[in-house]
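Numbering (our numbering), first residue to last: 246 to 570. Notes to accompany the following structure.
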């Protein structure tokens, strides 16, 4: 176990040193994909651990992070998550997980991003025309997870997405794939996921531009596909306490490769304290959070909160509620 802990911290320190020596080259890919709301993580637990969660995902939030982790959940669960995102944007998620048997689990998830209506401005009326337009996103996914052996499980999701930009709509279907593997060395596990894989999409609809010109042809964009590799283990655990650590390499198709790290302290499976840090991410750095679990007659209730700091854009706050049955 000490060897695992040493490897974990060596990976963190070596990447931090590399990030200081080399520039963020992948930033040149920024802005080449659409449907950016699919990159906003869900759940207070994952967010407070710096989104380093694909190898930890063992609850209903695995619907977003790693569908292979659904079968790792100890019970059937329902999750509600609200995210006070940047610049007054709201991000909401609801998901459910059901075990068909000890080896198979299915789930569903609904995600939405919305904001207040914004005033329409033109070249001649920069302070507004009196009209308003809206922008919003919605996604619905169904997932399946299967435990192949005691050590290995896999899962997949099919997701329908729709983005509304005033009179324009962009629609598409994409898939997530994930694996979850217990190495047999202590409590260490290894996970690999590919999220938001699909065809290029273009908006449909007509817009009347300044001067009466009509625009109906639009450029197509790729979805925000991201490849993640994660590793997690517990360097310390006793009857009442447990510490979970996680490190994750992220490879997005529209930005630089980066690394996320996270840690969670659990006391008697009732109280949780968490922290995380992102390396080689220009706008984001640290995150903090806490959680509490209350076993009630009707269900096991878990409440999680996360604070995520952004270097120039402010901060984001996530609240999530998980009901276990």
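Glycine residues also receive a C-beta, built at the ideal position from the N, C-alpha and C atoms.
Open item on the list: At the level of alpha carbons, what is the spacing between residue 352 and residue 529?
Closed with: 30 Å
- [ ] Leaving out five residues on either side along the sequence, give the residues of the same chain with a beta carbon under 6 Å from the beta carbon of residue 566.
- [x] 325, 548
Open item on the list: Here's the rule I'm using: 16 or more other beta-carbon atoms within 10 Å means buried, otherwise exposed. How should residue 522 be labelled?
Closed with: buried
Open item on the list: Relative to the C-alpha of residue 333, which candidate in 275, 393, 358 has its C-alpha closest?
Closed with: 358
Task: Meets three-Cβ-pair contact criterion under 8 Å: the stretch 310-325 and the stretch 381-399 - done: Result yes; three or more Cβ-Cβ pairs closer than 8 Å.
Open item on the list: Can you find the residues in the same chain that come closer than 6 Å, C-beta to C-beta, to residue 409, ignoring five residues on each side of it along the sequence?
Closed with: 381
Task: Close beta carbons around residue 336, own chain, < 6 Å, minus the five adjacent residues each side - done: 285, 328, 330, 358
Open item on the list: I'd like to check one pair, residue 499 with residue 274: are the Cβ atoms closer than 7 Å?
Closed with: yes
Task: residue 456 (DSSP reduced to helix, strand or coil) - done: coil
Task: Same chain, Cβ closer than 6 Å to residue 308, five either side skipped, listed in chain order - done: 340, 352, 354, 388
- [ ] Could you say if the stretch 476-487 and the stretch 439-448 meet the contact criterion of at least three C-beta pairs nearer than 8 Å?
- [x] No contact exists between the stretch 476-487 and the stretch 439-448.
Task: Sheet register partners of residue 350 (DSSP bridge) - done: 344, 390
Task: Identified DSSP bridge partners for residue 474 - done: Residue 474 is bridged by DSSP to 437, 494.
Task: Three-state secondary structure assigned by DSSP to residue 293 - done: helix
TODO: Answer with buried or exposed for residue 457, where buried requires no fewer than 16 other C-beta atoms within 10 angstroms of its C-beta.
DONE: Under this definition residue 457 is an exposed residue.
Open item on the list: Taking 8 Å as the limit between beta carbons, can you name the residues of its chain near residue 279, skipping five residues before and five after?
Closed with: 408, 415, 446, 466, 467, 468, 469
Open item on the list: DSSP three-state label for residue 411, please.
Closed with: coil
- [ ] Take residue 514 as the anchor and find which of 444, 537, 449 has the nearest alpha-carbon.
- [x] 537
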